[in-house]
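Here is the structure we will look at.
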Amino acid sequence: MAASLLWQTSVPDDLVLPDVDATKGLDKSVLDDAEDFETFLRWSFVASQLAALAVLAVYARRGARFARESAAGRIGTGMLLGMIGLALVWLSQLPFELLELWWQRRHELWNAGYLDWFLESWISLGAEFLFVCFWLLITMALAAVLPKTWWVAAVPVFVGLALLFAFVYPYLVESHPAPPDVRRDALVFAQRQHTGPVKVGVEDWSDFTSVPNAYATGLGPSRRIFLWDTLLDGRFSRREVRVVLAHELGHHSRHHIWKSVAWYALVLLPLLGGVAWLTARRGGLYAPTAVPLALLALVAGSLLLQPLDNAVSRRFEAEADWTALETTRDPAAARALFRDFTREALEDPTPPGWAYEALATHPSIEERIAMATAWERRNARGRR
Amino acid sequence: MAEHPVRISVDDDLRRSRLTVLFRLVLAIPHILWWNIWSFFALFVAIAVWVVTLVRGTPPAGLYTLQASYVRYSTHFFAYVVLAANPWPMFTGRPGYPVDLDFDPPQRQRRLAVAFRLVLAIPALVLAVCFTGGGALTYGGGTLLVVAFFAWFASLVRGEMPSGFRDLQAYGLRYLAQLFAYLFVLTERYPDVDPAATPAAGREHPVWLAMDENLRRSRLTVFFRLLLSLPHIVWLLLWTIVAIPTAFVTWLAALIIGRTPRALHRFLAAWIRYSTHLYAYLTLAANPFPGFTGAAGSYPLDPVFPAPERQHRLVTGFRIFLAIPALAVNGAVGLLVIVSALLGWFVALALGRMPASLRNAQAYALRYSAQVSAYVFLLTDRYPYSGAIRIPSRS
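Protein sequence lines, in the order shown, are assigned to chains A and B. Residue numbers for the first sequence, in our numbering: 1 to 384. Residue numbers for the second sequence, in our numbering: 1001 to 1395.
Following this line, the structure appears as structure tokens:
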């Protein structure tokens, strides 16, 4: 029932997306480039996931031997095994990430050097280590008190932490204030969407990439919209930026971050239940030697649940698109923006079905253009 | 393993003439001039020795003796300047100085090791920075300079060199002498940074380090050692936030009742023990992932602290000021742990084991660090002993 409630959006149920030509106005070379670009990344992703699963499967069988490298107690040893598991996955992903970086550099979407990328990856791994240690601290401590039902108790703890992180995250982002016209637009759009004012910041990414991006984050007083400076470098018109702004604001006005956390809670319950069930033979998560298997279960479970996650994400994005159309009332700008995503970020306007289900967190460019057209026709009918 | 062909001997009664200490640098001027001239010629002789050894496989006896005299003289001169010895040295590098060198007769050397001597010497030269200073890592100089600075004041006041300082200087001088001998192709034995080979008073101290001999290292955890230490670093930071005010309370209590309260003593001991475990893990001085509680006896490198005992209130009152020299020396000695870790990382990754000499140097530095922390944080009022001594093995 909770899932059904969360699935509801403000996009009209009777909205039928018309057939549109998403390639209109785009050169064939751009379309070919976009298809090539995304095809490579898709298969690289599939291969990297298979490699990660293979590594974790071997680690699940043999990883317990690393317990001898620990003089820490039960939880400390679990942390070590968790970190080693992530380290092995990181090593297995390096070739793929390197290939993807090369591919993005080749298409001039990524400017940073290989050393920068490696350092960034290394630092991210450190953050992952801290995260997994914290995760294991909670789960293994709960497993000592509630050996069989720790996973039920863990859900509210992790949901609380997710809310805390969502609240704190905007304060951790390095940004500078958006230009005055963008801030003015944000104020006007907030009124139109019947939500409080939301601060808009700009992140400097142009030294690393030319890909445009924006996102909404934060809860309550920490609500923020961050635009990458690649969106404001003149390649996108003022009207297109307004669509982006209205879209991101739509995430806030439609409470998508709260709803995402709620979805997270719904997904976490069976995921952790599965981990508890699988690791029970090895003494459950009370035993540090069960950690390698728990890692495998978590990663495999997350992969299995990814289509559902993506479907939810696409649903939210579609609602944000719709809200943006209602706010800006500028479907032409929306269509131009989505076509520019193909031109500037090499987004494939019509991805294959399997890739769409398995990987896409946003509606396809074709769907987004179709929604803009549908909104236009619907409102034209209304005016008549 | 056979003894190193270049050995140091220390026959020094620690007494220092206040007058010569006061003017030590001025008195050393003739030696500074002479040492520079001799160094200039020694460089050319070294090239000649290198060529002959490359051809014959053995250094020529005459040049060997000449270069050995130069290395010995350098040691005498340095020892005089850094207060490791009292008498004004001779200019000839003849044996007989209180801090002296013994050389084995010239021996055959592998030509390949001779040919690439300068390249092979790079790690040893990097380690030498810990003693000599120089480079970005040593803000205030290496151990020789830092110890000499504080020893100058101590010797002026007491007319005696603190034994720990003298022994630490001897450690540095021995290493430099062996490095010179290696660079000048007098021996193919690599300079030995193991502190055990240095003669030292080895005074008893209530804070000591128990150590397991195991040198095996897991290559995977070595590769990721810095990142694997992150949760511990975070935990140590959190613990330190509590430990610093606790230390202040302990200080007040020790001032009033004349000893540290048992519970606070236990808390601070666990904190220092934990930080030592973490540093040992982070710097590859030990292999296993440490626990988070600083439990006694839980780690291969484990500092041992005395039970709470009566402490002089005056020493307690001025503890932080009295600790300044030890803290400065600890900073310089600490570099030895870091540089050994950097070098040891490559070796451990390649061989799956840590070289004993590097590990022992680290153990020495960690032992001294634990003694300094114990002194600063009131676990003992015994001053840290900086002499480089062999750490007794638990096994």
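All C-beta atoms in this analysis are idealised placements derived from N, C-alpha and C, irrespective of residue type, glycine included. The structure displayed is predicted, hence computed values, not measured ones.
query	result
Coil, strand or helix - T1138 (chain B) by DSSP	Note on T1138 (chain B): pLDDT 47, under 50, position unreliable in the model; no value is reported.
Chain B contacts from the stretch 80-97 of chain A (Cβ-Cβ distance under 7 angstroms)	L80, M83, I84 and A87
Neighbourhood of F158 (chain A) by C-beta distance below 7 angstroms, restricted to the same chain and skipping five residues each side	L268
Where W151 (chain A) falls: helix, strand or coil (DSSP)	helix
Environment of Q8 (chain A) [buried if 16+ CB atoms lie within 10 Å]	exposed
Proximal residues, the stretch 125-139 of chain A versus chain B, C-beta separation under 7 angstroms	L125, G126, F129, L130 and C133
Chain-order list of residues whose beta-carbon lies under 8 angstroms from that of T1138 (chain B) (same chain, five-residue window excluded)	Summary for T1138 (chain B): the model assigns pLDDT 47, below 50, so the residue's position carries little reliability, and this model does not support an answer.
Below-8 angstroms beta-carbon distance, S1298 (chain B) vs any chain A residue	yes
Buried or exposed (CB count within 10 angstroms, at least 16 for buried), T149 (chain A)	exposed
Proximity to S48 (chain A) [Cα-Cα], best of A:L346, A:M79, A:L88 and A:F338	A:L88
Cβ-Cβ distance between L1127 (chain B) and L1343 (chain B) below 8 angstroms	yes
V55 (chain A) versus S92 (chain A) - alpha carbon distance	7 angstroms
Bridge partner(s) assigned by DSSP for R368 (chain A)	BP columns for R368 (chain A) are empty, so no partner.
Closer than 8 angstroms to chain B by CB, G76 (chain A)	yes
Proximity to W205 (chain A) [Cα-Cα], best of A:Q191, A:A320, A:L227 and A:L187	A:L227
Listed by chain order, chain B residues near S70 (chain A) by CB distance under 8 angstroms	P1288 and F1289
Minimum length 4: unbroken alpha helix (DSSP H) runs contained in the stretch 1118-1186 of chain B	1122-1132, 1143-1158 and 1163-1183
Distance between beta carbons of L1379 (chain B) and Y1279 (chain B), contact taken as under 8 angstroms	At roughly 17 angstroms, the Cβ-Cβ gap does not stay under 8 angstroms, so Y1279 (chain B) and L1379 (chain B) are not in contact.
Inter-residue Cα distance where the pair is L6 (chain A) and F1289 (chain B)	44 angstroms
Cβ neighbour criterion (16 or more within 10 Å) applied to A154 (chain A)	buried
Residues near L1027 (chain B) in its chain [Cβ-Cβ closer than 7 angstroms; skip 5 each side]	T1020 and W1088
Residues in the stretch 1219-1232 of chain B having any Cβ partner in chain A nearer than 7 angstroms	L1220, T1221, F1224, L1227, L1228, L1230 and P1231
C-beta neighbour in chain A for V1234 (chain B), strict 8 angstroms	yes
Beta-carbon contacts of W110 (chain A) that lie in its chain and below 6 angstroms, excluding the five residues immediately before and after	Q104 and T209
Host beta strand (DSSP E) of M1211 (chain B) (start-end)	W1208 to M1211
Where the alpha helix (DSSP H) containing T217 (chain A) begins and where it ends	T217 (chain A) -> not in any alpha helix (DSSP H); beta strand (DSSP E) instead, spanning A214 to T217.
Residue closest to L1101 (chain B), alpha-carbon to alpha-carbon, out of B:T1316, B:F1321, B:H1004 and B:L1226	B:H1004
Residues in the stretch 40-73 of chain A having any Cβ partner in chain B nearer than 7 angstroms	E69, S70, A71, A72 and G73
Proximity of L1284 (chain B) and W1345 (chain B) at Cβ, strictly below 8 angstroms	yes
Residue from B:L1144, B:A1042 and B:Q1169 with nearest C-alpha to L1014 (chain B)	B:Q1169
Beta-carbon neighbours of F1346 (chain B), restricted to chain A and to distances below 7 angstroms	Going along chain A, no residue has its Cβ under 7 angstroms from F1346 (chain B), so there is no contact; the nearest lies around 17 angstroms.
From A:I138, A:R65, A:F236 and A:R62, residue whose alpha carbon lies closest to that of A333 (chain A)	A:F236
Among B:M1161, B:I1257 and B:T1246, nearest to G1387 (chain B) - alpha-carbon criterion	B:M1161
L178 (chain A) versus A:P156, A:G160, A:V202 and A:L187, residue with shortest Cα-Cα distance	In the sequence on display, residue 178 (chain A) carries Ala and not Leu. Nearest option by C-alpha distance: A:V202.
Within-8 angstroms CB hit, F1150 (chain B) to chain A	no
Segment contact flag, the stretch 240-254 of chain A with the stretch 325-343 of chain A, C-beta cutoff 8 angstroms, min 3 pairs	yes
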